[in-house]
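Undergrad: To start, I am sharing the structure in question, which I have written as structure tokens.
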Amino acid sequence: MKRDFVKYAVLGAVTAAASSLSTASVFSADADHFPSSEGVDFYNERVGGETQSQRVQIDLNEADLDVHIPQPLGTLQTLTSQAAAWEHGNKFPAAGINASFTNPDSLIVKDEAIHNLNLRLPESDESPLFQYQAFGMTTEGDPVIDSYDAEVAVEHEGTSFDVEGVNTGQTTNAAILFTGNYGAAATNENEYAYELVLNNFEKPTGAFGFNETMTGTVEEIRPSGAASPVNDEQAVLSLNGSELREQAENIDAGDEITLTSSVNGAWSEADFMLASGPRLVSDGNVDISMDESLSFAETRHPRSVVGYNAEQNEVMFTIFDGRQSGYSNGATLREAADYMIANGADYALNLDGGGSTTLAGAFAGDQTPALLNRPSGGIERGVSATLWALTNNAPAPIDEAYEPITQFIGEDKWDVSTIRASASYNERSVETDRGGTAAELNYDYTTGDGGTAAVYLDRNQERLLPGSAEKIGAWVQGDGREHWLRGVVTDRFGSSYTINFTEEDGLHWDNEWYYVTAELPEGYEGKLGLERIYTAQPDEDKQAEGTILIDQLDVVYDASYQPAQPPEPVTPEPPEEDEDEDLPTDPAQPDVSFSDMDGEHWGHQNVIELAERGVIQGFEDGTFRPDNSLTRGEAVVMLTRDLDVNADAFEDTDFPDVAEDRFYAAAVAAGSELGWVEGSNGKFRPNESLSRAEMAAILTRAYEIEAVTGGNAGFPDVPSDHWAAGVIETIQHQGITTGDDNGEYRPEDDLSRAEFATFIQRVSN
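Each number in the working numbering comes from the position in the sequence shown (counting from 1) with 3 added on.
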């Protein structure tokens, strides 16, 4: 059959092997590639089989770099919100990454002007904040990563004194300069501050940059500590401390004041600078500028990194997702450095990471950048500054950017798994107008012990879906066994959605190729990612063995596209009822099991027992994901089930981040009213991971566990002044927890789903 031109992009032929990526290699050479605007390319890949990495390669011959700072300075705004709010002229924000630390307290320069400078920080290899390292671009368009050595001073009638900060806020025993780039309209009231209000400068105070001199006049002296107005016409020099005040006593209203600044040579022509750290790579070699024995360096965390090549014509934004067991563990600083070098970086700098790690971008067909990675906290966190690749145009529409028919042959990106079945996977050459190979899935549903049987094709790394797709399509050759063909897609906050290529019993055709589509969910945030395709058969009478072929997965943008729709099934006439036949009145219930848990998992028994009691239901794809972090929303759902609380009887919660249609909404309302759970800053944060400390607090409240006084939990990592010390001591003395093999409790670690199930079992028993 001849296929017409349609608006869809090919995801790739399903050719795979049933094995995971080797962990012996630091990085994988097998990445998904997504072109964006001219000069911007995205790559999505697994690193060492345990970590999900995404990177953006930016050709500086075709794209520009710029920094965005939400106003006022210090405002926290999400990466995608910054793209929408930013006035970037006729340029398009094709890709962005979080940059400065949450509190901009080191150095930010934009358009050659100092927005923030803190020279009071100690220089040390024991913290990423104390590195005096920066990434920036020169006015000639060259990227730079280097240390910086900056000075700002005030001169008056032949004498001078150092300024230790610009727009950082008043500080004890320090001279701080406030310019038009300070976010607030005035300095804070401070009884110890002696402030000089300066004006009559030759240019706006917010334009003050490095290696320049700016002269103004003292308009007013405010020794009383009253707030002093700051704007582009007026700067304020705030002096705190008796020594500085004595130095300034000979300065009178009307006197001339000169501001001077300097920075070392590498930054003398900087258009923008962002301080961060530590440095990771120099001259093509690992060169980490902090102590690698520290936990920040040697532990895997979510990371954000920027780098560039020796020719200074290509910049790389890279993120490593982390703290999400089963999806991504993060990277150490050395692993991040190795990865950057392997992908062409000769210089690299660590940016703010952890829960702030975010990457956004636009693929072909996108008109705005969308969230691409999965933030570790389950939300997109606000950040104080971001880096962006700017292009002349938005990505081309799908029908211009992609060939309508393209096969991805030889991709080794699929694993096979089963539940109550056995299966094998092969590649088979197929004689169709598509050519190439197809996925041959041989299954045997007769080996199970009752209940729904399923065979899964799991992608080693989720396939991000470009553009505003409406459906996923695939060519399928059936075997007439009437199975159910389904899939799972995931949004950027870890929520999974089951999609249906056929109805239940809908894979009914035999030895023919037909095109099936599955509608994608609506209302998700960021990009969707395809995780798996699977067949399922809940009817034990139809659990046979056979073979199906799957070829050429497509992302479909035209909802009407249907090149070869499967025929309607032939429904046989029902047999005449035998009035004397004894019919069962209570169908047998199958044993509970999950496809990703077996008797070898340490938490298997506890999970299964809770599942049999209805406390745990698992996911629609038949998994439990025992090692995934438990979210706060999931925790209250499990508690209401175990304690037989009718959550629907409670009124809707007032938390603005708990939508009424989410599965946990009623449970959150119940848990909040019953005093089990609390929010912070007016929000519940249902998608954030539950920490082990929070778990102790919730369990003691929900199960009304008798408190044990003393405030010392007996764990070396839980000090007596820790907010949860009392409840941790309580569950320890009640035998609910004993700590880990090292005798530690790890109060700030995320709690896994299997761990929570185990703790519930211990409390219940």
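Built from N, CA and C at the ideal position, the CB exists for glycine as well.
In whole angstroms, give me the CA-to-CA distance for residue 407 and residue 557.
TA: Taking the sequence shown and counting its residues from 1, one reaches residue 407 at position 404. Taking the sequence shown and counting its residues from 1, one reaches residue 557 at position 554. Note that residue 407 has pLDDT 31, beneath the 50 cutoff, so the model's placement of it is unreliable and the number below is only indicative. Those two C-alpha atoms are separated by around 10 Å.
Undergrad: Run through DSSP, which three-state label would residue 686 get?
TA: Working through the sequence shown from its first residue, we reach residue 686 at position 683. DSSP places residue 686 in strand when its eight states are reduced to three.
Undergrad: Note down, in chain order, each residue of its chain lying with its Cβ closer than 6 Å to the Cβ of residue 510, except the 5 sequence neighbours on either side.
TA: Stepping through the sequence shown from its first residue, residue 510 is reached at position 507. Cβ within range, chain order: 481, 486 and 488.
Undergrad: Considering only DSSP beta bridges, list what residue 67 is partnered with.
TA: Position 64 of the sequence shown, counted from the first residue, corresponds to residue 67. Note: residue 67 sits in a beta bridge opposite 393.
Undergrad: Curious, which full-length alpha helix (DSSP H) runs of at least 4 residues does the region 681-759 contain?
TA: The qualifying runs are 695-705 and 728-736.
Undergrad: Among the residues of its own chain, which have a CB less than 7 Å from the CB of residue 226, if the five just before and after it don't count?
TA: As a working note, residue 226 is residue 223 in the sequence shown. The answer, listed in chain order, is 197.
Undergrad: Touch check for the region 310-324 and the region 356-363: three-plus C-beta pairs under 8 Å?
TA: Output reads yes: the region 356-363 touches the region 310-324.
Undergrad: Exposed or buried, residue 45, counting other C-beta atoms within 10 Å across all chains shown (16 or more means buried)?
TA: If you number the sequence shown from 1, residue 45 lands on position 42. Answer is buried; the Cβ neighbour count reaches 16.
Undergrad: Threshold first: 3 residues or longer. Then list the beta strand (DSSP E) segments lying entirely within the region 433-489, N to C.
TA: Entirely contained in the region 433-489, the beta strand (DSSP E) runs reaching 3 residues are, in chain order, 440-447, 456-467 and 474-482.
Undergrad: Quick check: does the Cβ of residue 731 come within less than 7 Å of any heavy atom belonging to the ligand NAP?
TA: Summarising the ligand content, the structure contains no ligands, and the ligand NAP is consequently not present.
Undergrad: Can you tell me whether residue 126 is helix, strand or coil according to DSSP?
TA: The sequence position of residue 126 within the sequence shown is 123, counting from 1. Correct three-state label for residue 126: coil.
Undergrad: Using only the alpha-carbon positions, how far apart do residue 675 and residue 426 sit?
TA: Residue 675 sits at position 672 when you count from the first residue of the sequence shown. Residue 426 sits at position 423 when you count from the first residue of the sequence shown. Answer to the nearest angstrom: the Cα atoms are 46 Å apart.
Undergrad: Figure out for me which residue from 366, 250, 348 and 473 has the closest Cα to the Cα of residue 96.
TA: If you number the sequence shown from 1, residue 96 lands on position 93. When only C-alpha atoms are compared, the closest one is 366.
Undergrad: At the level of alpha carbons, what is the spacing between residue 699 and residue 443?
TA: Locating residue 699 in the sequence shown gives position 696, where the first residue counts as 1. Locating residue 443 in the sequence shown gives position 440, where the first residue counts as 1. C-alpha separation (whole angstroms): 48 Å.
Undergrad: Per DSSP, what kind of secondary structure is residue 644 in: helix, strand or coil?
TA: In the sequence shown, residue 644 corresponds to position 641, counting from 1. Residue 644: helix per DSSP, three-state reduction.
Undergrad: Would you identify the three-state DSSP class for residue 178, choosing helix, strand or coil?
TA: In the sequence shown, counting from the first residue as 1, residue 178 sits at position 175. Here residue 178 sits in strand by DSSP.
Undergrad: Under 7 Å Cβ to Cβ from residue 755, same chain only, skipping five residues before and after it: list those, please.
TA: Indexing the sequence shown from 1 puts residue 755 at position 752. Closer than 7 Å at the Cβ level, and outside the excluded window around residue 755, lie 328, 629, 630, 631, 632 and 633.
Undergrad: Comparing alpha-carbon positions, which option in 303, 622 and 649 lies nearest residue 637?
TA: In the sequence shown, counting from the first residue as 1, residue 637 sits at position 634. For the residues 303, 622 and 649, the minimum Cα distance to residue 637 belongs to 622.
Undergrad: Spatial neighbours of residue 763 within its chain, please: C-beta separation below 6 Å, excluding the five flanking residues on both sides.
TA: On the sequence shown, residue 763 is found 760 positions in, with the first residue counted as 1. Closer than 6 Å at the Cβ level, and outside the excluded window around residue 763, lie 645.
Undergrad: Is the separation between the beta-carbon of residue 569 and that of residue 605 shorter than 8 Å?
TA: Residue mapping note: residue 569 aligns to position 566 of the sequence shown, counting from 1. Residue mapping note: residue 605 aligns to position 602 of the sequence shown, counting from 1. Not in contact: residue 569 and residue 605 (Cβ atoms no closer than 8 Å).
Undergrad: To which residues of the same chain is residue 464 closer than 8 Å at the C-beta, ignoring the five residues directly before and after it?
TA: For the purposes of this step, residue 464 is identified with residue 461 of the sequence shown, where counting begins at 1. If we look at residue 464 and ignore the five residues flanking it on each side, its Cβ neighbours are 35, 47, 48, 49, 55 and 416.
Undergrad: Assign residue 229 to one of three DSSP states: helix, strand, or coil.
TA: Residue 229 sits at position 226 when you count from the first residue of the sequence shown. Coil.
Undergrad: Could you name each continuous alpha helix (DSSP H) segment of 4 residues or more that falls completely within the region 223-303, going from the start of the chain to the end?
TA: Fully enclosed alpha helix (DSSP H) runs of 4 or longer: 245-251 and 298-301.
Undergrad: Start and end of the beta strand (DSSP E) containing residue 533?
TA: In the sequence shown, counting from the first residue as 1, residue 533 sits at position 530. From DSSP, the beta strand (DSSP E) with residue 533 extends over 532-540.
Undergrad: Exposed or buried, residue 396, counting other C-beta atoms within 10 Å across all chains shown (16 or more means buried)?
TA: Walking along the sequence shown from the start, residue 396 turns up at place 393. The residue in question, residue 396, is exposed, as its Cβ has fewer than 16 Cβ neighbours within 10 Å.
Undergrad: Could you spell out the range, first to last residue, of the beta strand (DSSP E) harbouring residue 137?
TA: What you label residue 137 is simply residue 134 of the sequence shown in a count that begins at 1. Where residue 137 is concerned, the enclosing beta strand (DSSP E) stretches over 136-141.
Undergrad: At a cut of 8 Å, does the region 120-138 reach the region 197-206 through at least three beta carbon pairs?
TA: Contact between the region 120-138 and the region 197-206 is absent, because fewer than three Cβ pairs lie under 8 Å.
Undergrad: Please report how far the alpha carbon of residue 668 lies from the alpha carbon of residue 373, in whole angstroms.
TA: Looking up residue 668 in the sequence shown gives position 665. Looking up residue 373 in the sequence shown gives position 370. Spanning the two alpha carbons is a distance of roughly 26 Å.
Undergrad: Apply the 10 Å Cβ neighbour rule to residue 683 and answer buried if 16 or more other Cβ atoms are within range, or exposed otherwise.
TA: Residue mapping note: residue 683 aligns to position 680 of the sequence shown, counting from 1. The residue in question, residue 683, is exposed, as its Cβ has fewer than 16 Cβ neighbours within 10 Å.
Undergrad: Kindly indicate which residue of 468, 514 and 477 has the alpha-carbon position closest to the one of residue 528.
TA: Here residue 528 refers to the residue found at position 525 when the sequence shown is read from its first residue. Looking at the Cα atoms, 468 is the closest of the given residues.
Undergrad: With a cut-off of 8 Å on the beta carbons, I'd call residue 744 and residue 694 a contact; round off their distance for me.
TA: Numbered from its first residue, the sequence shown carries residue 744 at position 741. Numbered from its first residue, the sequence shown carries residue 694 at position 691. No, residue 744 and residue 694 are not in contact; Cβ-Cβ is about 20 Å, not under 8 Å.
Undergrad: Between the region 287-305 and the region 157-170, do three or more beta carbon pairs fall short of 8 Å?
TA: With the cut-off at 8 Å, the region 287-305 and the region 157-170 do not touch.
Undergrad: My understanding is that residue 351 touches residue 309, with C-beta atoms under 8 Å, so please give their C-beta distance in whole angstroms.
TA: As a position in the sequence shown, residue 351 is number 348, starting the count at 1. As a position in the sequence shown, residue 309 is number 306, starting the count at 1. Confirmed, about 7 Å.
Undergrad: Give every residue of the same chain whose Cβ lies closer than 8 Å to the Cβ of residue 343, excluding the five residues on either side of it in the sequence, and list them in chain order.
TA: Position 340 of the sequence shown, counted from the first residue, corresponds to residue 343. So the qualifying residues of the chain are 283, 284, 308, 310, 319, 321 and 351.
Undergrad: Which residue from 653, 40, 85 and 37 puts its Cα closest to that of residue 384?
TA: As a position in the sequence shown, residue 384 is number 381, starting the count at 1. Comparing Cα-Cα distances from residue 384 to each of 653, 40, 85 and 37, the minimum goes to 85.
Undergrad: Straight-line CA distance for residue 249 to residue 687?
TA: On the sequence shown, residue 249 is found 246 positions in, with the first residue counted as 1. On the sequence shown, residue 687 is found 684 positions in, with the first residue counted as 1. Straight-line Cα distance between these residues: approximately 51 Å.
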